[in-house]
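*Asks:* To start, I am sharing the structure in question, which I have written as structure tokens.
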Amino acid sequence: MIQGRIQNFLVIGFVALFFVYLFGPLIVMGLTAFNTSGFPRVSPWECFTVEWFDVLMEDTRLVTGVRNSLLIGIGVVILAVPIGLAGALMLMQIGPRLRPWLYTVTIAPILVPGVVLGISTLLFWDRIGLMFGAGEDTIFYDGIFLTIVGQATFISAYAMLIFIARLQRFDPALEEAALDLGASHTQTFRKILLPFLRPAIGSAAVLAFLASFENYNTTIFTIVSSSTLTTVLASKVRYGIDPSISALAVSIVFLTLVGAVLYEISKRRETRRARAQMAVARGEATEVKKQRPFLTEPAFILFVLIVVAGLGTVYFSGTVGVEECKIIVKEQRQAEIKRKVERRQQQQMFQSAVDAQSESSSDQEETQEDSKVTAKGTEGYQSVFSPGNLQGEVETEAEEEEPVKGTEGYLNVFSPGNLVNPSSDEPDEEKPVKGTEGYQNVFAPENLTDQVPAENSGN
Amino acid sequence: MSFSNYWRAFFQKNGAALALFLIIAVGMWLFMMIILPQLFMLDFSIRANVPPPKFGTEEHYYTLEHYKYMIFGSAQSTDSFNIIDVTVFFRTIGAAIFVTLIDVALCYPIAYYLAHVATGGWSRLMVLSLIVPFWINEILRAFAFKIIFGSTGVINNFLVSIGILDQPYDFIRNDIALWAGLSYAFILLMIFPIFNAIESLDKNQIEAARDLGAPWWRIHWRIVVPHAKPGISSGCTMVFMLTAGALAAPQILGGPSSLWFTQIIYQGFNQAGNWARGSAYAIILLVSCIVLVLVMMKIAKVKFGEMMK
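Just so you know, the sequences run in chain order A and B. The first sequence lines up with residues -5 to 453 when you count with the working numbering. The second sequence lines up with residues 458 to 766 when you count with the working numbering.
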């Protein structure tokens, strides 16, 4: 009994952990889209913001990439869905000896590495273009055309699998009946088979579009000199990441969720309608209730309201008070840095006391001398840090950064042990230093004397 | 004669328009998109590397130099083998096998749970939530892993704050982020084949074994796993092939010192500009993956036909 309970507990724990693995990364990434921190992270949490979505919209390379991706997606749907349908129909009719061969060859592109498909497509059309003596600006060298063809190679196989699954439930007697009643082959296909396959065509089109939209391995070879969403994203992610990419992920997840909910609503309507028709057929009801137009469907209206309200709340709380919050965070950072500075200064005073003793007896170390010189230099910067220069102006930030970087160094200078530059591997480690208001008194000459601790404790 | 009969029957059954459409569409797919491009790539890989204007001339002779290069390196180098490329190749294959094993270990229990333990709405919800992460772009998924495994990522912050680690552990350099990201990417492709196979198992068999006193691990080993073998093999095949051929995840999550074989192919094309060598490497990848899968199927005694169901 107890063993059974432990087993149960383990199973549930495993399932729970599995779903943490499944969703954890996505949730963390989603949260980073709303943090003001310049490096995508959740902790330390700074301020809630939607500014990264604006950054996203201003990225023209990305916008072009999305446009190309949409274009390619539509092209792939147009090419792959008919091919998949033809493949499935062919497979149903072909003799039993040929069938496994055809099946294997058409399914193979799913398993062949995308890289290989991309390369072979590129080379093939390159050679064909050469044979026709076509120039560089013809379709054979057009990235978008090549990508559509390359992706359709394996996406057609996806579509084919969907059609096969649906065709297995098709009753051929329907077709025969239509033919017996004098319909032509084309009519039978259009009036019997196509309506039966309509749901499968819909899912195949959606799947084809999604598969095309997120493909990278094939696209990176066939796209040549243009770009798609995935290639732009990949280069962005490889060379420095920022939360606007998370913002993009959030948008994509949001759009797909909306799509899924709408699909669900329309599917429910469809089943309800089918059930009503069945009822009529059985004689239990006399008429199919007229369906309300989609736009006045209560579920749809509720959904739209929730979405609008949710977006509004997020947008409002993400834009109002962000600047204030940033300032608060900045101040907190500064306070923290100030504490560090104080600690260092105390160390440094201790050090200088020791130095004073050694100075009388021996030569100063070279490094010590250097540091003295630079320390003198800092006095010149003081005006830079006067509050008037800083008042929340963005343009000055860039300028600030230079001297401030230096200041970090100056603080260390005084304790020779710290001379090793605390180079940080993350670029935004420097950010907290941007707000320099807190430093003014640090650089006042009198700080260097014994009064400092007293004054600081007064603050 | 029988062949033309065959065609006549085909045209009669479908009507001229539809028959023509079927033949053109399938023919285009088979030859223009699948078979000929692969053959062209093969042809390209066994020719000398010359710029396009010289294609088909004397200088575009047949040679195996690119395959030789993969194994022995350039003629100038002093090493007896092309250590970098060969190492990367075997490391990629090894890592792909490792990722496949992780996925089996992760997905078999979940698939079993879905098929035989979870019920009704709960199992539907689970299936739905399995699909959700795969709506998201492969690159964004890799990006998510880069965020959580970074040196100031959630995992490092957590481990440092509760005192397990003194300082952040470099998950990216040690390939842990890469393995986690790759296993994550293909979970769905492993779960569904196994799920389909396990679902068709008669529950009474499990009940009978339990009544006869078999412990749970023996039930799995003797009844469930043999029954699910075709599903497990087809899941493994897909995950292995796609992992070995992955490009985005290794580019984003790979450490600075670890390359994936596809990255070498990519470099051959985009940086070295040696398309012939790039296609030779692509052929090597394709052929060795297929051979490995076939050998594994032979060892596991799985037939291709039952796997494809």
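Every residue, glycine too, gets a C-beta built ideally from N, C-alpha and C.
Using C-beta distances below 8 Å, list every residue in its chain close to ALA757(B), excluding the 5 sequence neighbours before and after it, in chain order.
*Replies:* LYS686, SER690, listed in sequence order.
*Asks:* So PHE157(A) and ALA198(A) are supposed to be a Cβ contact under 8 Å. How far apart are they, rounded?
*Replies:* Indeed they touch by this definition, with Cβ atoms about 7 Å apart.
*Asks:* Pull up the distance between the alpha-carbon of GLY123(A) and that of LYS760(B), whole angstroms please.
*Replies:* Taking the straight line from one Cα to the other gives about 41 Å.
*Asks:* Should TYR152(A) be flagged as near chain B, meaning a C-beta pair shorter than 9 Å?
*Replies:* For TYR152(A), the answer is no, since every Cβ of chain B falls outside 9 Å of its Cβ.
*Asks:* Residues in the region 164 to 178 of chain A with C-beta within 8 Å of chain B's C-beta atoms, listed in sequence order?
*Replies:* Here the close residues are SER178.
*Asks:* Can you list, in chain order, the residues of the region 694 to 711 of chain B whose Cβ is nearer than 8 Å to any Cβ on chain A?
*Replies:* Listed by position along the chain: THR694, MET695, MET698, LEU699, ALA701, GLY702, ALA703, LEU704, ALA705, GLN708, ILE709.
*Asks:* So does the region 29 to 48 of chain A actually touch the region 620 to 632 of chain B, counting three or more Cβ pairs closer than 8 Å?
*Replies:* Judged by Cβ distances under 8 Å, the region 29 to 48 of chain A makes no contact with the region 620 to 632 of chain B, as fewer than three pairs qualify.
*Asks:* How long is the line joining the alpha carbons of ILE(-4)(A) and GLN145(A), rounded to whole angstroms?
*Replies:* Cα-Cα distance, rounded: 54 Å.
*Asks:* Taking its Cβ as the centre, do 16 or more other Cβ atoms sit within 10 Å of ALA153(A), making it buried, or is it exposed?
*Replies:* Buried, since its Cβ has 16 or more Cβ neighbours within 10 Å.
*Asks:* Span of the alpha helix (DSSP H) holding TRP678(B)?
*Replies:* Looking at the DSSP string, TRP678(B) is not in any alpha helix (DSSP H), and its letter there is neither H nor E.
*Asks:* Counting only the same chain and skipping the five closest in sequence on each side, list residues whose C-beta sits under 7 Å from that of ILE142(A).
*Replies:* Result list for ILE142(A): ILE66, GLY69, VAL70, LEU73, in chain order.
*Asks:* Just to confirm my understanding: we take ALA228(A), look at its own chain, exclude 5 residues before and 5 after, and list those with CB closer than 8 Å. What are they?
*Replies:* Answer for ALA228(A): TYR210, ILE214, listed in chain order.
*Asks:* Run down chain B in chain order and give the residues with a C-beta less than 7 Å from the C-beta of ARG327(A).
*Replies:* Per Cβ cutoff of 7 Å: no residues; ARG327(A) is ~15 Å from chain B at best.
*Asks:* Quick check on ASN209(A): does DSSP put it in helix, strand or coil?
*Replies:* Three-state DSSP puts ASN209(A) in coil, outside helix and strand.
*Asks:* If we call anything under 9 Å between Cβ atoms a contact, is LEU161(A) one with MET86(A)?
*Replies:* In contact: LEU161(A) and MET86(A) (Cβ atoms closer than 9 Å).
*Asks:* Quick check: is any heavy atom of the ligand FMN less than 8 Å from the C-beta of GLU330(A)?
*Replies:* With respect to the ligand FMN, the structure shown offers nothing to examine, as it has no ligands at all.
*Asks:* Measuring alpha carbon to alpha carbon, tell me which of GLY304(A), GLU208(A), TYR135(A), PRO292(A) ends up nearest ARG262(A).
*Replies:* It is PRO292(A).
*Asks:* Distance check for ILE741(B) and ILE419(B), CA to CA, integer angstroms please.
*Replies:* What the structure shows of chain B is the stretch from 458 to 766, and residue 419(B) is not part of that stretch, so it cannot be assessed.
*Asks:* Is the beta carbon of ARG734(B) closer than 9 Å to that of TYR526(B)?
*Replies:* Their beta carbons are under 9 Å apart, which means TYR526(B) touches ARG734(B) by this criterion.
*Asks:* Please state whether the Cβ-Cβ distance between TYR524(B) and ALA737(B) is less than 9 Å.
*Replies:* Yes, the pair counts as a contact, with Cβ atoms nearer than the cut-off.
*Asks:* To the nearest angstrom, how far is the alpha carbon of PHE344(A) from that of GLU330(A)?
*Replies:* For PHE344(A) and GLU330(A), the distance between alpha carbons rounds to 21 Å.
*Asks:* At the level of alpha carbons, what is the spacing between PHE467(B) and ALA476(B)?
*Replies:* When rounded, the distance between both Cα atoms is 7 Å.
*Asks:* For PRO711(B), does the count of other Cβ atoms within 10 angstroms reach 16, so buried, or fall short, so exposed?
*Replies:* In the sequence as displayed, the identity of residue 711(B) is Gly instead of Pro. Buried, by the Cβ-count rule.
*Asks:* Whole angstroms are fine: how far does the CA of GLY253(A) sit from the CA of GLY306(A)?
*Replies:* The alpha-carbon atoms of GLY306(A) and GLY253(A) are separated by roughly 19 Å.
*Asks:* What does ARG504(B) pair with, by DSSP beta-bridge criteria?
*Replies:* The partner list for ARG504(B) (beta bridge, DSSP) reads TYR519(B).
*Asks:* Closer than 9 Å, CB to CB, is LYS603(B) near chain A or not?
*Replies:* So yes, LYS603(B) belongs to the interface.
*Asks:* Taking only beta-carbon positions, decide if ILE756(B) is within less than 9 Å of chain A.
*Replies:* So no, ILE756(B) is outside the interface.
*Asks:* What residue range is occupied by the uninterrupted alpha helix (DSSP H) comprising LEU20(A)?
*Replies:* Looking at the DSSP string, the run of the alpha helix (DSSP H) that includes LEU20(A) is -4 to 26.
*Asks:* At a Cβ threshold of 9 Å, is PHE529(B) touching chain A?
*Replies:* No, its Cβ sits nowhere closer than 9 Å to a Cβ of chain A.
*Asks:* Give a yes or no on whether the minimum CB-CB distance between SER114(A) and chain B is below 9 Å.
*Replies:* Yes, contact with chain B.
*Asks:* With C-beta atoms as the reference, is ASN731(B) less than 9 Å away from ASN506(B)?
*Replies:* Going by C-beta atoms, ASN731(B) is nearer than 9 Å to ASN506(B).
*Asks:* Over the uninterrupted alpha helix (DSSP H) stretch that includes PRO650(B), give me the two end residues.
*Replies:* 644 to 656 is the span of the alpha helix (DSSP H), which, as asked, contains PRO650(B).
*Asks:* What did DSSP end up calling PHE42(A) once you bin it into helix, strand or coil?
*Replies:* DSSP places PHE42(A) in strand when its eight states are reduced to three.
*Asks:* Give the DSSP-derived three-state secondary structure of ASN731(B) in the structure shown.
*Replies:* If DSSP states are grouped into helix, strand and coil, ASN731(B) belongs with coil.
*Asks:* Specify, as a first and last residue, the run of the alpha helix (DSSP H) that ILE235(A) falls within.
*Replies:* Unbroken run through ILE235(A): none, as it is neither H nor E.
*Asks:* With 9 Å set as the bound, which would you pick, yes or no: does the beta-carbon of SER586(B) sit closer than that to a beta-carbon of chain A?
*Replies:* Yes, SER586(B) lies at the interface with chain A (some Cβ there is under 9 Å from its Cβ).
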